[in-house]
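**Student:** Taking the working numbering, I'd label the letters of the sequence shown as residues 150 to 372. For each residue, glycine too, the CB sits at the ideal point set by N, CA and C. If you're wondering where the values come from, they're calculated on a predicted model, not measured in any experiment. The structure under discussion is supplied below as structure tokens; questions concerning it will follow.
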Amino acid sequence: MNLRGVIFDLDGTLADTIPICVEAFQRTLKAHSGPHLSREEIEFLFGPTEEGMLRRVLPKYSPTALETYLTEYERLHTAATVPFPGIAALLDALQSRGIKLAVVTGKGARSADISCRALGVRGYFTHIEAGSPNGIIKPAAIARVMGEWSLRPPEVAYIGDAPADIEAARSAGVVSVGAAWAPAASPGLLQAARPDFLFLAVSDFASWVDDAVDEQPGTSVTK
Numbered sequence: 150m151n152l153r154g155v156i157f158d159l160d161g162t163l164a165d166t167i168p169i170c171v172e173a174f175q176r177t178l179k180a181h182s183g184p185h186l187s188r189e190e191i192e193f194l195f196g197p198t199e200e201g202m203l204r205r206v207l208p209k210y211s212p213t214a215l216e217t218y219l220t221e222y223e224r225l226h227t228a229a230t231v232p233f234p235g236i237a238a239l240l241d242a243l244q245s246r247g248i249k250l251a252v253v254t255g256k257g258a259r260s261a262d263i264s265c266r267a268l269g270v271r272g273y274f275t276h277i278e279a280g281s282p283n284g285i286i287k288p289a290a291i292a293r294v295m296g297e298w299s300l301r302p303p304e305v306a307y308i309g310d311a312p313a314d315i316e317a318a319r320s321a322g323v324v325s326v327g328a329a330w331a332p333a334a335s336p337g338l339l340q341a342a343r344p345d346f347l348f349l350a351v352s353d354f355a356s357w358v359d360d361a362v363d364e365q366p367g368t369s370v371t372k
């Protein structure tokens with residue numbers, strides 16, 4: 150296998166940002182007289198962007214609700230300023246070897262930018278593709294990045310922490326990789342989605358990448 154591009158999901162894959170998403174959403178609903186939703190109920194809404202989620206649960210949605218969410222999200226992000234252990238070293242190593250890197254997320258463009266800046270990872274990625282308020286568009290976004298890179302599907306992997314990410318990778322025809330290293334990860338659910346590969350630790354993913362990338366003399370992905 151000659152892996153030449155890796156596309157990452159963001160929340161729960163690059164960093165433990167899902168708790169921030171949930172709390173910002175709960176604060177926003179409270180501020181705009183919406184229902185109180187549990188973490189599980191909010192995660193069930195994942196797929197569209199935050200705007201799309203808010204439209205689904207606020208009887209009288211207005212753009213001010215999205216502004217509230219983004220303000221709360223950026224404020225809460227001060228508690229999450231680094232990626233998962235091992236991710237930064239992996240990105241450094243892949244970038245140094247000329248492997249193309251991108252993000253495809255269901256988040257809105259503004260919240261994705263907040264996270265990438267807060268985590269210090271923006272400079273690694275050639276593309277950061279955000280979601281749509283109307284629903285899941287990850288397969289199309291993955292295909293768009295692949296086209297911009299002029300790479301074939303077998304040369305690209307998409308890695309994410311949810312079954313929907315595995316389905317998106319499969320729909321786009323790229324190598325599907327499950328990331329089950331977040332504290333609240335569900336390896337069983339990911340495995341049930343039948344990814345091509347599933348990893349419980351960043352170091353295991355790094356080892357796989359080292360084998361999947363066409364070897365260059367004197368280089369190796371940091372583990």
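Just confirm the distance between the C-beta atoms of residue 274 and residue 252, as a whole number of angstroms; I'd bet it's less than 8 Å.
**Tutor:** 5 Å
**Student:** Got a sec, what are the start and stop residues for the alpha helix (DSSP H) residue 261 sits in?
**Tutor:** 258 to 268
**Student:** Nearest-angstrom Cα distance between residue 242 and residue 184?
**Tutor:** 45 Å
**Student:** What residues are listed by DSSP as bridge partners for residue 307?
**Tutor:** 156 and 325
**Student:** State buried or exposed for residue 162, treating a residue as buried only when at least 16 other CB atoms are found within 10 Å of its CB.
**Tutor:** buried
**Student:** Do the stretch 291 to 301 and the stretch 194 to 209 touch if we need at least three Cβ pairs shorter than 8 Å?
**Tutor:** no
**Student:** Closer than 7 Å by C-beta to residue 362: which residues in its own chain qualify, once you throw out the five before and the five after it? Chain order, please.
**Tutor:** 152, 246, 248 and 370
**Student:** Label residue 157 either buried or exposed according to how many other C-beta atoms from any shown protein chain fall within 10 Å of its C-beta, with 16 as the threshold for buried.
**Tutor:** By the 10 Å Cβ count, residue 157 comes out buried.
**Student:** Quick check: what's the CA-CA separation for residue 231 versus residue 342?
**Tutor:** Roughly 29 Å between the two C-alpha positions.
**Student:** Jot down the residue ranges of each uninterrupted alpha helix (DSSP H) in the stretch 213 to 257, minimum 4 residues, whole runs only, in chain order.
**Tutor:** 236 to 245
**Student:** Which of the three DSSP states, helix, strand or coil, is assigned to residue 281?
**Tutor:** strand
**Student:** State the beta-bridge partners of residue 276 as determined by DSSP.
**Tutor:** BP columns for residue 276 point to 251.
**Student:** Applying the criterion that 16 or more other CB atoms from any shown protein chain within 10 Å of the CB defines a buried residue, is residue 216 buried or exposed?
**Tutor:** exposed
**Student:** What residue range does the beta strand (DSSP E) around residue 347 cover?
**Tutor:** 346 to 348
**Student:** By DSSP's criteria, residue 164 is part of a beta bridge. Which residues make up the other side?
**Tutor:** In DSSP, residue 164 forms a bridge with 160.
**Student:** Taking 7 Å as the limit between beta carbons, can you name the residues of its chain near residue 205, skipping five residues before and five after?
**Tutor:** 194
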